[in-house]
């Protein structure tokens, strides 16, 4: 088994979409991810990873989806199916509870909040690549939602840009087990340098 190492100076945790709508009871999308999230222990794993990377001195980058506002997508020529769904259900609405951070994963001092992405990639039309480069980051660890959409798309492009990519299979969730299988067992091995579980990742992190 390949042993992966993570230098705190060159490693970042990319936390994708830590919104109440995704992660909290009462969130608009939580009911669709709850079964998978509960099965993998998502929330406890996210808490454990967040604590561990902070103890290790690894910087956290928050990679948030566009918070819906009235008028978004309505005049677009080519909104995606996901964007149309967001327009209908007002996911992550700006100024509302669902569009606020889950309280356990709210940014802390020193965290970097990336500009909001409009579609699936945290790199497209944002400052993510610039911020990573300016902070000397070469290794990126992905957690957050959803496994087969924003997390996968952002992680794929990270590899295209030359970053070392780690997926954490039980620190994410999707709408079905089949989607999780596709993200980690079918698609992930074609681009990710490491696919770990939470305990494996924490064991590989540098000591504080």
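Residue numbers (our numbering): 19 to 226.
Yeah, the Cβ is synthetic: ideal placement off N, Cα and C, and Gly gets one too.
Among the residues of its own chain, which have a CB less than 7 Å from the CB of residue i, if the five just before and after it don't count?
{"i": "residue 46", "result": "39, 107, 109, 116"}
{"i": "residue 85", "result": "110, 111, 112, 117, 134"}
{"i": "residue 26", "result": "74, 75, 76, 224"}
Who does residue i pair with in a DSSP beta bridge?
{"i": "residue 86", "result": "111"}
{"i": "residue 214", "result": "186"}
{"i": "residue 158", "result": "30, 183"}
{"i": "residue 175", "result": "Note: residue 175 sits in no beta bridge, so no partner."}
Please go through the same chain and pick out, in chain order, the residues whose beta-carbon is closer than 6 Å to the beta-carbon of residue i, but skip the five residues on each side of it.
{"i": "residue 58", "result": "188"}
{"i": "residue 21", "result": "none"}
{"i": "residue 149", "result": "130"}
With residue i as the anchor, note down where its alpha helix (DSSP H) starts and where it stops.
{"i": "residue 73", "result": "60-73"}
Using the Cβ count rule (16 or more neighbours within 10 Å means buried), how would you classify residue i?
{"i": "residue 202", "result": "buried"}
{"i": "residue 89", "result": "exposed"}
{"i": "residue 157", "result": "buried"}
{"i": "residue 180", "result": "exposed"}
{"i": "residue 83", "result": "buried"}
{"i": "residue 127", "result": "exposed"}
{"i": "residue 48", "result": "buried"}
Over what stretch of residues does the beta strand (DSSP E) that includes residue i continue unbroken?
{"i": "residue 30", "result": "29-34"}
{"i": "residue 79", "result": "77-81"}
Using 8 Å as the threshold, is the C-beta distance between residue i and residue j below it?
{"i": "residue 183", "j": "residue 173", "result": "yes"}
{"i": "residue 195", "j": "residue 54", "result": "yes"}
{"i": "residue 119", "j": "residue 24", "result": "no"}
{"i": "residue 171", "j": "residue 139", "result": "yes"}
Step through the CB atoms of chain B and report whether any lies within less than 8 Å of the CB of residue i.
{"i": "residue 119", "result": "Annotation note: the requested chain B is absent from the structure, which comprises a single protein chain."}
The ligand NAD heavy atoms versus the CB of residue i: any closer than 7 Å?
{"i": "residue 136", "result": "What this structure holds is no ligand at all, so the ligand NAD is not there to describe."}
Can you list, in chain order, the residues of its chain with a C-beta nearer than 8 Å to that of residue i? Leave out the 5 residues immediately preceding and following it.
{"i": "residue 97", "result": "91, 105"}
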